[in-house]
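Undergrad: Here it is, the structure, as C-alpha cells.
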Amino acid sequence: MDFPPNQGLDQEEVNEHVAEAIEENEVVLFMKGTELMPQCGYSRKALGLIDHHRDEYETVDVLESLDEYRQALAEHSDWETIPQTFVDGEFVGGSDILEELEERDELAETLNAA
Numbered sequence: 001m002d003f004p005p006n007q008g009l010d011q012e013e014v015n016e017h018v019a020e021a022i023e024e025n026e027v028v029l030f031m032k033g034t035e036l037m038p039q040c041g042y043s044r045k046a047l048g049l050i051d052h053h054r055d056e057y058e059t060v061d062v063l064e065s066l067d068e069y070r071q072a073l074a075e076h077s078d079w080e081t082i083p084q085t086f087v088d089g090e091f092v093g094g095s096d097i098l099e100e101l102e103e104r105d106e107l108a109e110t111l112n113a114a
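Start counting the sequence shown at 1; every next residue gets the next number (UniProt numbering).
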C-alpha cells in the first residue's frame, strides 16, 4: 500500500473545521490520532489528563492534514505544537500545560469551567 503524505483537506476546509470545533465544543483537543489510537505520547498524555476530569469532550485528529491544521491552529493559539486544548473557545495549552495545571490542582476547574 502507498500512503502519500498530506493528501487530506485543503486549507480553507481545515480553517473552517478548526473554527467550528473551537466554537461548538466546551472542550476540544486537537491531537495526533484518535481517542482509541493516539499516535504520539504527548497526545496520549493530554487525552489521559482530560479523561480524568471530563466525560464529554471533542477530539480532532490532525494527521490527515497536519500542515494545514498547524496553520489553522496557529491563528487561534499562536502555539506551534500539537496537541492543543481549547476550553470555551479559549486556548489552554498542550500536554505540558495540562500537566502543570494538574500538578497545581487547577486542571479540573479549568476543564469544567465550560
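Ideal placement from N, C-alpha and C gives every residue a C-beta, glycine not left out.
Since the structure is predicted, the reported quantities are computational estimates derived from the model, not experimental observations.
Considering only DSSP beta bridges, list what Leu98 is partnered with.
TA: Under the DSSP definition of a beta bridge, Leu98 lacks any partner.
Undergrad: So is Thr110 buried or exposed if we call it buried at 16+ other beta carbons inside 10 Å?
TA: buried
Undergrad: Any idea what DSSP makes of Asn6, helix, strand or coil?
TA: With a pLDDT of 49 at Asn6, under the threshold of 50, the predicted position of this residue should be treated as unreliable, though the coordinate-derived value follows. Looking at Asn6 - three-state DSSP - the assignment turns out to be coil, as it is neither helix nor strand.
Undergrad: Could you pull out every unbroken beta strand (DSSP E) segment of at least 3 residues lying fully inside the UniProt domain "Glutaredoxin" (27-92), listed in chain order?
TA: 27-31, 58-61 and 84-87
Undergrad: Glu13: which of His52, Tyr69 and Gly33 sits nearest, CA to CA?
TA: If you compare the alpha carbons of His52, Tyr69 and Gly33 with that of Glu13, the shortest gap goes to Tyr69.
Undergrad: Could you check the C-alpha separation between Asn112 and Gly93 for me, to the nearest Å?
TA: 15 Å
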